[in-house]
Structure formats: structure tokens, C-alpha cells
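Colleague:
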Amino acid sequence: MGDKSFAELIAEGATAPVEGWAFDWLAGRATEERPPWGYARLVAARMASVGAALDIDTGGGEVLAEVPHPPRLLTATEAWPPNVPVARANLAPLGASVVAVSPDAPLPFRDAAFDLVVSRHPVRTDWPEVARVLRPGGTFLSQQIGPGTVRELSEAILGPLPPPAHRHPERSVAAARSAGLAVVDLREATLRTVFHDIGAVVWFLRKVIWAVPGFTVAAHRPALLRLHERIRAEGCFVAHARRFLIEATRASGDPDR
1 MGDKSFAELI AEGATAPVEG WAFDWLAGRA TEERPPWGYA RLVAARMASV
51 GAALDIDTGG GEVLAEVPHP PRLLTATEAW PPNVPVARAN LAPLGASVVA
101 VSPDAPLPFR DAAFDLVVSR HPVRTDWPEV ARVLRPGGTF LSQQIGPGTV
151 RELSEAILGP LPPPAHRHPE RSVAAARSAG LAVVDLREAT LRTVFHDIGA
201 VVWFLRKVIW AVPGFTVAAH RPALLRLHER IRAEGCFVAH ARRFLIEATR
251 ASGDPDR
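Under UniProt numbering, the first residue of the sequence shown is numbered 1, with each subsequent residue one higher.
This is the structure we're talking about:
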């Protein structure tokens, strides 16, 4: 990308589609380390041994589509309207149903409906609702965004920020326990994230909307130009993504709610 101007790179990042939850557009322009636990592999293994499963905030269904042996009943929810048709197309071969939902609304399923509930990078985990739709003995498995993820990038655009107040793993553990679930696994990882051009930054901030809330190229152009010049001088911009894996179960002796 070294021969392209700031304006050309910005235009590329501002116009490329961001529907779904795949990051293929960043190939050759940005990289991020993968968490060591292999979330997709863990999900696939658990899906093979249950009869009914739910994926919350499925995005475009990209992770769920990789499951080689889906359960008899497979359902996914998605709250961002542009993602819904993408998810339905990706998950049709698995026989999965995709339910469009409203953010923060209760899950539209009966009590104790699922053996397994999974969620990759949920916007917010409604722990009481997760516990409600799990059958006794059921499992919730989720890879979540950790506190201060890609903070270096957020501060490059917005300036210094206060310490992160949300997405702390210990708060998720407490919330899970308050909902009546037992946390059986918790793992954390810090992942090196490298941006090689400002077009990749723009595309990423359009897609990962919580990194810079209200991001637009017009509103943040001076900061983008400063970052562009820094990338040109240093060769890349490095940030760090934070992730945690949490697994919780509903006690097998719980009565159906």
C-alpha cells in the first residue's frame, strides 16, 4: 500500500463492505494473533454432542458455519439487521434458523430450551437470560472482548482515555454466578494487532464500532492523518486486543424455570 495516497487509502477503507463478521478484507493490510484456546474448535466439539444449541450474536454466522456436525436443533440470533441475511445464507447448509432480535430484548425462546449456548464477542451478555434458556446440566461457552482492547488505537484517534470500566472478566464471573451458573473455565489472552495502512484502520473502526464510538472519517480526519503519517514513518501501528474465554454450566439438579 506504500504507493497509495492518504486520500486513496481512506476511500478504500470507507467504502469496502463491513457486513457480516469476517475480516477477510484486512488480508495483507492488518493482522491479529489468535487466542490460544481455539474457540471455533471448542464450539465444534461441543456441538457434536448436544441435541439443541443456540448461538447468540452470530454476526454473519461465520464461526457457526464451520461446525462439521451440527445438532438436530440449531438456532442463532442477530441484532444488527445487515448481518441477518448474511447469517441466513451462511447457515442454511447446516439447517440452522436465524432469528432477528432487538438489542437488549429478552431471548425469544422458552425456558430450558437448549443444551448448549455459545457466543463469540457478544455486545452484552444477559446472564439471567442465558441461564433461563439453558437446560439443567447445560453449558454456556463464550469468547468475549476484554477490557481496554485495542486501546492504543482508540487513544490514537481520541486522545488519552480513562481506565476501562467495562468487560472485565471477573465481573462476568460474578454475573454468571449471580444468575445461578457455575463458572468452570476462565482464560485470558492479550493479542498483538498490527495495522499496515490507514485504510485498514478506517475499515476496522467502521466494523468494530465500540473502539471509537461514533467514528466517521469526516469527524476524525485530522487524527487519521496523524496516524497515517506515523504508519508511513514506522512501517506499521501496533495495538493489543484482549480476549477472554468463559465457560459456565447450569446445575443438573436445577428445576426447569
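For each residue, glycine too, the CB sits at the ideal point set by N, CA and C.
Take the Cβ of LEU161 as the centre, count every other Cβ of all protein chains shown within 10 Å, and call the residue buried at 16 or more, exposed below.
Modeller: Counting from 1 along the sequence shown, the entry for residue 161 is found at position 161. So LEU161 counts as exposed.
Colleague: Taking its Cβ as the centre, do 16 or more other Cβ atoms sit within 10 Å of ILE246, making it buried, or is it exposed?
Modeller: Taking the first residue of the sequence shown as position 1, residue 246 is located at position 246. It is buried - the Cβ of ILE246 has at least 16 other Cβ atoms within 10 Å.
Colleague: Just how far apart, CA to CA, sit LEU158 and ALA218?
Modeller: Position 158 of the sequence shown, counted from the first residue, corresponds to residue 158. Position 218 of the sequence shown, counted from the first residue, corresponds to residue 218. Cα to Cα, LEU158 sits roughly 14 angstroms from ALA218.
Colleague: Mind listing, in chain order, the continuous beta strand (DSSP E) runs of no fewer than 3 residues lying wholly within the region 148–233?
Modeller: Listed in chain order, the complete beta strand (DSSP E) runs (minimum 3 residues) inside the region 148–233 are 181–195.
Colleague: Measure the C-alpha to C-alpha separation of VAL86 and ALA165 and round it to an integer number of angstroms.
Modeller: As a position in the sequence shown, residue 86 is number 86, starting the count at 1. As a position in the sequence shown, residue 165 is number 165, starting the count at 1. The alpha-carbon atoms of VAL86 and ALA165 are separated by roughly 33 angstroms.
Colleague: Rounded to whole angstroms, what's the CA-CA distance from LEU225 to ARG171? Just pull it up for me.
Modeller: Position 225 of the sequence shown, counting from 1, holds the residue named residue 225. Position 171 of the sequence shown, counting from 1, holds the residue named residue 171. Those two C-alpha atoms are separated by around 37 angstroms.
Colleague: For a test of the three-state rule: what should DSSP assign to ILE56, helix, strand or coil?
Modeller: In the sequence shown, counting from the first residue as 1, residue 56 sits at position 56. Correct three-state label for ILE56: coil.
Colleague: Please name the residue or residues paired with PHE23 in a DSSP beta bridge.
Modeller: By one-based count along the sequence shown, residue 23 stands at place 23. In the DSSP output, where bridge partners are listed per residue, PHE23 has none listed.
Colleague: Tell whether a beta-carbon distance below 9 angstroms holds between PRO147 and ARG242.
Modeller: As a position in the sequence shown, residue 147 is number 147, starting the count at 1. As a position in the sequence shown, residue 242 is number 242, starting the count at 1. Cβ distance < 9 angstroms, so PRO147 and ARG242 count as in contact.
Colleague: Quick test of the definition: if touching needs 3 or more C-beta pairs under 8 angstroms, does the region 52–62 touch the region 24–33?
Modeller: Too few Cβ pairs lie closer than 8 angstroms, so no.
Colleague: Count Cβ pairs between the region 44–57 and the region 108–120 that sit closer than 8 angstroms; are there 3 or more?
Modeller: The region 44–57, when compared against the region 108–120, does touch it at the 8 angstroms Cβ threshold.
Colleague: From THR216 to VAL50, what does the alpha carbon distance come to, in whole angstroms?
Modeller: The residue labelled residue 216 in the question sits at position 216 within the sequence shown. The residue labelled residue 50 in the question sits at position 50 within the sequence shown. Computed Cα separation, rounded: 43 angstroms.
Colleague: According to DSSP, is VAL13 helix, strand or coil?
Modeller: Within the sequence shown, numbered from 1, the residue matching residue 13 stands at position 13. It is worth fixing the name first, because residue 13 is Gly in this sequence and not Val. Reduced to three states, the DSSP call for GLY13 is helix.
Colleague: Figure out for me which residue from ALA156, GLU66 and ALA100 has the closest Cα to the Cα of VAL238.
Modeller: The residue given as residue 238 occupies position 238 in the sequence shown. Among ALA156, GLU66 and ALA100, the Cα nearest to that of VAL238 is on ALA156.
Colleague: Please list, in chain order, all residues of the same chain as ALA223 whose beta carbon is under 6 angstroms from its beta carbon, the five residues on each side excluded.
Modeller: Within the sequence shown, residue 223 is the residue found at index 223, counting from 1. Cβ neighbours of ALA223 beyond the five flanking positions: ILE157.
Colleague: Can at least three beta-carbon pairs, one atom from the region 95–104 and one from the region 4–21, be found at a separation below 8 angstroms?
Modeller: The region 95–104, when compared against the region 4–21, does not touch it at the 8 angstroms Cβ threshold.
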